[in-house]
Amino acid sequence: MKVKQRQNTRSTLAKVSTGIRGLDEITFGGLPKGRPTLICGNAGCGKTLMALEFLVRGALDSKEPGVFVAFEETPQDLAQNVASLGLNLQDLLDCHLLKIDHVRVERSEIEETGEYNLDGLFVRLNYAIDSIGAKRVVLDTIESLFSGLSNTAVLRAELRRLFQWLKTKGVTAIITAERGEVTLTRQGLEEYVSDCVIVLDQRIIDQVSTRRMRIIKYRGSPHGTNEYPFLIDQDGITVFPITSLGLNHAAPATHLSTGVADLDHMLGAKGYFTGSSILISGTAGTGKSSLAGHFAQSVCRRNERCLYFAFEESEAQILRNMRSIGLDLARYVKKDLLRFHASRPTLMGLEQHLVRIYKEVDEFKPTAVIVDPISNLLNSGSGREVHSMLTRLIDFLKMKAITSVFTSLTPSRVGQGDDESAVSSLIDTWIVNKDWEGNGKRARSLCIVKSRGMAHAQNVREFIISDRGIRLTEITA
Amino acid sequence: MKTSKPDDVWNLRLYVAGQTPKCLAAFANLKKICEEHVPGKYTIEVIDLLKNPQLAEGDQILAIPTLVKKLPEPVRKIIGDLSNTERALIGLDLRVQNG
């Protein structure tokens, strides 16, 4: 009978949106409707939060009431824990969109004197579900029963019956479980809940912690099979599908001014291609950020948005420095056309940075993104990791037709950095700034190493920064 | 270990879910134990959770049948059909008195 049912639903497996950003994408629509899903992971990996957010988003977005059966935490603790993530449980409890049932099992208070079953739990769950018409149920963490009751044979049989009962009840359920050493979960619950299994993980690499999730199994549905990093921040959980998106993005033939008339002229008189990626590399003090700043201004002048990721300087410092070369970027910040995100590269792992960039881009929807400097970010990971991250970042931005400018600090005055050679193949337009000494003065120069799809100037220009902006002049010997 | 006194009254509450064999056995076993050890000094309140599901939360009932010894204190939960008389007596604080 079970098999028959599965065949019927296979072609059109109904799904329930989790409302958790990114999770619906990698599950192609959410969790299997009317079936239990198992989320397992070690302590502190975010299981409870993910489960609770599933209920809260369901209540808020889909008006689907949910029951949270807490085997470990009291309702007060739960409410407190998620308040910092912007989730207000009390409102939902008051509106009967959420019900929390705290199930406490204390072995020392219990004497076992013969045969029993878990009908009491069934009754409570049934009552809780019916009292608010719940469509979603979370059991967090049901394995606690094993520490409270000693008859594991009965518990196993009853849990099997419980998961089956949840299916007949037609609720979409999440069951959380601790990660086991040999099996996925400590009590081997994956044997009973096999429709959808998600594993959460928190790893420390180079003293930086990264959270990741993976869908081990999703019966009757395709799903992303990679490990996906996720973030827990003031907005709850965000998962990002970060696989390389491939090379099927559009190639617009429109342009964005670089903000420097002379540079536009060097780039076929128009500027950067819309949706292209630009690398500006050079040694310290050669005007990389100034070029980036001019580009930001040019974007904002069109009343379009620019997102500036600063990995070296604070927002205030950048604004001040730009003012000294005649750029008033502060007014665009006020108009919310320009937004800064300043953070130290060492604050988190590369993946987390990538996820954060994705998230900000999705929220702000900019025309252009500036990463200043990318080299600092590159130093925080190994070579292969960096290349993979940049590929995904550039693909992501190109898919959205966002023009991206990366600055990169070249370590020495001689030659190009290794980072850049690795990066340059991904880049459409590569501008190199240098400084040189001659004729008794020190001067800056700029040349365009490459610019795909356009006839660009081949010569090296002198790069002059004054309080009236940037000029690029022919070098006369 | 022994906390009960001669004038204690056993205030007992038995949670069941319908008239299943286990529940009926539990009630019969309980009645027998009480009659044997504390005749005339006990009360048994039977709560059927199928009729009153909202009562399960208050005493934190999971397993069925569950016997809650409200008095004499401390409150204890005794789960199962009480067929293991030895363990039932421990749970009810009756062992030492009659041992």
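Quick note, the sequences are listed as chains A and B, same order. Here the first sequence is numbered in my numbering, starting from -10 and rising by one per residue. Here the second sequence is numbered in my numbering, starting from 186 and rising by one per residue. Ideal Cβ placement from N, Cα and C applies to all residues, glycine included.
Buried or exposed (CB count within 10 angstroms, at least 16 for buried), K4 of chain A: As a position in the first sequence, residue 4 of chain A is number 15, starting the count at 1. By the neighbour-count rule (16 or more Cβ atoms within 10 Å), K4 of chain A is buried.
Within chain A, the residues that E258 of chain B reaches when beta carbons sit closer than 7 Å: Here residue 258 of chain B refers to the residue found at position 73 when the second sequence is read from its first residue. Ordered by position in chain A, no residue passes the 7 Å Cβ test against E258 of chain B, which lies about 12 Å from the chain.
Residues in the region 199 to 230 of chain B having any Cβ partner in chain A nearer than 7 Å: Y200, A202 and K207
Sheet register partners of G30 of chain A (DSSP bridge): In the first sequence, residue 30 of chain A corresponds to position 41, counting from 1. The partner list for G30 of chain A (beta bridge, DSSP) reads A:E167.
Selected residue, minimal CA-CA separation from V171 of chain A, among A:E179, A:T165 and A:I164: Residue mapping note: residue 171 of chain A aligns to position 182 of the first sequence, counting from 1. Considering only alpha carbons, the answer is A:E179.
Length of the line joining the Cα atoms of R198 of chain B and P218 of chain A: One-based indexing of the second sequence puts residue 198 of chain B at position 13. One-based indexing of the first sequence puts residue 218 of chain A at position 229. Cα to Cα, R198 of chain B sits roughly 51 Å from P218 of chain A.
Straight-line Cα distance separating F43 of chain A from T130 of chain A: The count along the first sequence starts at 1 and reaches residue 130 of chain A at position 141. The count along the first sequence starts at 1 and reaches residue 43 of chain A at position 54. Approximately 15 Å, taken between the alpha carbons.
Cβ neighbour criterion (16 or more within 10 Å) applied to R46 of chain A: Along the first sequence, read from residue 1 onward, the residue named residue 46 of chain A stands at position 57. When all chains shown are included, R46 of chain A counts as buried.
is_contact[I275 of chain B, chain A] using C-beta, thresh 8 Å: Here the question's residue 275 of chain B lines up with position 90 in the second sequence. It does: the Cβ of I275 of chain B has a partner Cβ on chain A nearer than 8 Å.
Selection from B:K262, B:I229 and B:L209 that minimises the alpha carbon distance to L247 of chain B: Indexing the second sequence from 1 puts residue 247 of chain B at position 62. Cα-wise, what sits closest to L247 of chain B is B:K262.
Sequence-distant residues of the same chain with beta carbon closer than 6 Å to V56 of chain A, five excluded per side: Working through the first sequence from its first residue, we reach residue 56 of chain A at position 67. Cβ neighbours of V56 of chain A beyond the five flanking positions: K88, A117, I118, A123 and V126.
Interface partners of G103 of chain A on chain B, CB under 7 Å: Within the first sequence, residue 103 of chain A is the residue found at index 114, counting from 1. Residues of chain B whose Cβ lies closer than 7 Å to the Cβ of G103 of chain A are, in chain order, G265, D266, L267, S268 and N269.
Closer than 9 Å at the beta carbon, the chain B residues around D90 of chain A: Walking along the first sequence from the start, residue 90 of chain A turns up at place 101. Those within 9 Å of D90 of chain A in chain B are E242.
Helix, strand or coil at T380 of chain A [DSSP, three-state]: Here residue 380 of chain A corresponds to residue number 391 of the first sequence, with the count starting at 1. It is helical.
The region 246 to 254 of chain A contacting the region 374 to 387 of chain A, beta-carbon criterion three pairs below 8 Å: no
Cβ neighbour criterion (16 or more within 10 Å) applied to I193 of chain A: As a position in the first sequence, residue 193 of chain A is number 204, starting the count at 1. By the C-beta density criterion, I193 of chain A is exposed, having fewer than 16 other C-beta atoms within 10 angstroms.
Positions along the region 246 to 257 of chain B whose CB lies within less than 7 Å of some CB in chain A: I246, L247, A248, I249, P250 and T251
Cβ pair L256 of chain B, N214 of chain B closer than 8 Å: As a working note, residue 256 of chain B is residue 71 in the second sequence. As a working note, residue 214 of chain B is residue 29 in the second sequence. No, Cβ-Cβ distance for L256 of chain B and N214 of chain B is not below 8 Å.
Selection from A:V288, A:G260 and A:F395 that minimises the alpha carbon distance to A299 of chain A: The residue labelled residue 299 of chain A in the question sits at position 310 within the first sequence. With distances taken between Cα atoms, A299 of chain A lies closest to A:F395.
Residues near R150 of chain A by beta carbon distance below 7 Å, same chain, minus five either side: Sequence index remark: in the first sequence, residue 150 of chain A carries index 161 (1-based). Cβ within range, chain order: n/a, list empty.
Nearest residue (CA-CA) to C185 of chain A, options A:L308, A:L318, A:T272 and A:G213: The sequence position of residue 185 of chain A within the first sequence is 196, counting from 1. Comparing Cα positions, the closest option is A:G213.
Beta-carbon neighbours of E98 of chain A, restricted to chain B and to distances below 7 Å: Here residue 98 of chain A corresponds to residue number 109 of the first sequence, with the count starting at 1. In chain order: R261 and K262.
Neighbourhood of G404 of chain A by C-beta distance below 8 Å, restricted to the same chain and skipping five residues each side: Within the first sequence, residue 404 of chain A is the residue found at index 415, counting from 1. Caution is warranted here: a pLDDT of 47 is assigned to G404 of chain A, below 50, making its placement in the model unreliable, and no coordinate value can be reported.
Nearest to K387 of chain A (by Cα), restricted to the options A:L49, A:V412 and A:A357: Position 398 of the first sequence, counted from the first residue, corresponds to residue 387 of chain A. Of the listed residues, the one whose Cα sits closest to K387 of chain A is A:A357.
Segments of 4+ residues assigned as alpha helix (DSSP H) that fall wholly inside the region 249 to 326 of chain A: Taking only runs of at least 4 residues, the alpha helix (DSSP H) segments lying wholly in the region 249 to 326 of chain A are 250 to 255, 277 to 290, 304 to 313 and 319 to 323.
V112 of chain A in three-state terms, based on DSSP: One-based indexing of the first sequence puts residue 112 of chain A at position 123. Note: V112 of chain A maps to helix in three-state DSSP.
Cβ shell of T199 of chain A (< 7 Å), same chain only, five flanking positions each side left out: Locating residue 199 of chain A in the first sequence gives position 210, counting from the first residue. R192, P218, G338, E340 and Q341, listed in sequence order.
F17 of chain A - DSSP class collapsed to helix/strand/coil: As a working note, residue 17 of chain A is residue 28 in the first sequence. Here F17 of chain A sits in coil by DSSP.
Where Q191 of chain A falls: helix, strand or coil (DSSP): Start at 1 with the first residue of the first sequence, and residue 191 of chain A comes out as number 202. The three-state reading of DSSP puts Q191 of chain A in strand, counting E and B together.
Alpha-carbon to alpha-carbon, I267 of chain A and D361 of chain A: As a first step, residue 361 of chain A must be located in the first sequence, where it is residue number 372. As a first step, residue 267 of chain A must be located in the first sequence, where it is residue number 278. Whole-angstrom Cα-Cα distance: 12 Å.
First through last residue of the beta strand (DSSP E) which encompasses G55 of chain A: Start at 1 with the first residue of the first sequence, and residue 55 of chain A comes out as number 66. Segment G55 to A59, the beta strand (DSSP E) holding G55 of chain A.
Unbroken alpha helix (DSSP H) run spanning R46 of chain A, endpoints: For the purposes of this step, residue 46 of chain A is taken as the residue at position 57 of the first sequence. Looking at the DSSP string, the run of the alpha helix (DSSP H) that includes R46 of chain A is K36 to D50.
Counted within 10 angstroms of its Cβ, other Cβ atoms place V92 of chain A as buried (16 or more) or exposed: One-based indexing of the first sequence puts residue 92 of chain A at position 103. Buried, by the Cβ-count rule.
L267 of chain B beta carbon less than 8 Å from that of T102 of chain A: Locating residue 102 of chain A in the first sequence gives position 113, counting from the first residue. Locating residue 267 of chain B in the second sequence gives position 82, counting from the first residue. Taking 8 Å as the Cβ cut-off, T102 of chain A and L267 of chain B qualify as a contacting pair.
Which of helix, strand or coil DSSP assigns to P218 of chain A: As a working note, residue 218 of chain A is residue 229 in the first sequence. P218 of chain A falls in the strand class under three-state DSSP.
Own chain residues within Cβ distance below 8 Å of V182 of chain A, not counting five before or after: Locating residue 182 of chain A in the first sequence gives position 193, where the first residue counts as 1. Taken in chain order, the residues that qualify are P25, T26, L27, F152 and I164.
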